[in-house]
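Have a look at the structure below, then the notes.
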Amino acid sequence: MKVIVAQKCGFCPGVRNAISMAEKILAKERQVYSLGPIIHNKDMVERLAKAGLKTVDSVEEIQSGTVLIRSHGAAPEQIAKIKKGGLHIVDATCVLVKRLQQIAKQLDRAGYKVVIVGDENHPEVQAVVGCARDVVVAADESDLHKLPKNGKLGVVCQTTESPQHFSKMLGAIARQGFNELKVINTLCKEAIKRLESAVQLCRRVDIMFVLGGLESANIRKLAELCKKYNSQTFHLQNWNELDKMVLSGKNVAGVTAGASTPDWIIAEFVKNLEAFNNSSG
Ligand code: SF4
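This is how it looks when you write it as structure tokens:
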């Protein structure tokens with residue numbers, strides 16, 4: 009099978025940095041905790057768990073040791089609790105997520121009602137919500153009823169949203185007739201490049217694979233986008249999940265992966281797919 013890998017896929021700098029920080033602390037310390045899974049990838053979480061990383065849901069579960077803040081960041085309230093509990097913090101928040109948090113704080117201080125376009129269940133958005141007063145989270149146009157009737161809005165975006173969705177939402181917000189809108193572009197270029205290179209690849213292949221955690225909303229969105237451009241798109245976590253029947257009659261396969269998909273998962277998948285022989289398979 010001919011296999012083409014998307015020009016940009018797999019770990020982004022923010023995730024790579026968080027993993028490398030985790031590995032460095034685990035080499036030195038025994039009690040290391042991550043508040044929530046370090047990334048939305050079960051294979052990587054299991055690998056780090058074997059190295060000693062304990063994943064917890066709340067600060068209250070930690071008695072002592074070091075808390076790693078993942079690339080999605082944590083709300084100021086959580087950071088305060090960690091400090092109050094006398095725990096050591098290693099902050100692996102991505103610089104772009106930090107920037108988004110700072111912007112939300114500044115907009116709030118300057119009297120803007122902060123609006124974030126994004127998913128209210130995503131940890132990055134939840135951390136931003138904790139950075140300002142009464143942040144409005146708008147996933148799509150059905151959430152616009154949450155906006156105030158007047159006043160000035162400061163609009164930002166979850167870093168991994170698509171530019172198309174952000175601009176559509178800005179248009180919809182502008183139509184509400186606010187006198188003042190301040191928009192700060194908080195989209196991540198790395199995430200945009202992943203979306204764009206996946207779309208380009210979809211058009212060139214018979215079948216498309218999107219690799220990454222099923223629990224990752226960003227990867228699910230990437231797979232939905234790919235499906236629009238190539239109906240033969242499959243979202244899988246790794247090679248073991250592939251039903252070989254779907255390869256029947258296909259000659260060229262495309263592979264992309266989300267920002268939280270480890271290199272070894274991509275490499276193993278590509279190697280096996282390249283070796284796959286349709287006539288014998
Ligand atoms: S996708 Fe972008 S913003 Fe998110 S962690 Fe990676 S580099 Fe940072």
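Residue 91 in my numbering sits at position 83 of the sequence shown; the count goes up by one each step and never skips. Glycine included, C-beta positions come from ideal geometry on N, C-alpha and C.
Cβ neighbour criterion (16 or more within 10 Å) applied to residue i
i: Met52; result: buried
i: Gly4; result: Because residue 4 is not part of the residues shown, which for the chain are 9 to 289, the question remains open.
i: Asn49; result: buried
i: His153; result: exposed
i: Ser42; result: buried
i: Asp271; result: exposed
i: Gln86; result: buried
i: Gly185; result: exposed
i: Gly22; result: buried
i: Glu169; result: buried
i: Pro45; result: buried
i: Arg211; result: exposed
i: Val218; result: buried
i: Gly159; result: exposed
i: Arg78; result: buried
i: Gln109; result: buried
Element boundaries [beta strand (DSSP E), containing residue i]
i: Val145; result: 144–146
i: Leu56; result: Leu56 -> not in any beta strand (DSSP E); alpha helix (DSSP H) instead, spanning 50–58.
i: Tyr41; result: 40–43
i: Leu219; result: 215–219
i: Ile181; result: Premise fails: Ile181 lies in the alpha helix (DSSP H), 171–182, not in any beta strand (DSSP E).
i: Lys10; result: 10–13
i: Asp99; result: 96–99
i: Lys121; result: 121–125
i: Gly262; result: 260–265
Distance cut-off 6 Å: residue i Cβ against heavy atoms of the ligand SF4
i: Ala267; result: yes
i: Glu198; result: yes
i: Ser239; result: no
i: Gly179; result: no
i: Gly291; result: The chain is shown only over 9 to 289; residue 291 falls outside these bounds and no answer can be derived.
i: Leu108; result: no
i: Thr74; result: no
i: Thr194; result: no
i: Cys102; result: yes
i: Thr63; result: no
i: Thr167; result: yes
i: Ser224; result: no
i: Ser28; result: no
i: Ser42; result: no
i: Ser79; result: yes
Unbroken alpha helix (DSSP H) run spanning residue i, endpoints
i: Ala82; result: No alpha helix (DSSP H) holds Ala82; DSSP gives it neither H nor E.
i: Ile293; result: An answer regarding residue 293 cannot be provided, because it is not within the stretch 9 to 289 covered by the chain.
i: Phe277; result: 271–283
i: Lys106; result: 103–117
i: Glu31; result: 21–36
i: Val133; result: 131–137
i: Lys190; result: That residue, Lys190, is in no alpha helix (DSSP H); its beta strand (DSSP E) goes 188–191.
Any non-hydrogen atom of the ligand HEM within 6 Å of residue i CB
i: Ser66; result: Of the ligands one can find in the structure shown, namely the ligand SF4, none is the ligand HEM.
Three CB pairs or more closer than 8 Å across the segment 184–198 and the segment 225–237: no
Inter-stretch contact (C-beta, 8 Å, three-pair minimum) for the segment 270–277 and the segment 228–242: no
contact_flag[the segment 200–210, the segment 246–255] where n(CB pairs < 8 Å) is 3 or more: no
The segment 177–190 contacting the segment 107–126, beta-carbon criterion three pairs below 8 Å: yes
Contact between the segment 172–179 and the segment 131–142 (3+ Cβ pairs under 8 Å): no
Three-pair Cβ contact test at 8 Å for the segment 93–112 versus the segment 144–152: no
Sufficient close CB pairs (3 or more, under 8 Å) joining the segment 60–73 to the segment 9–20: no
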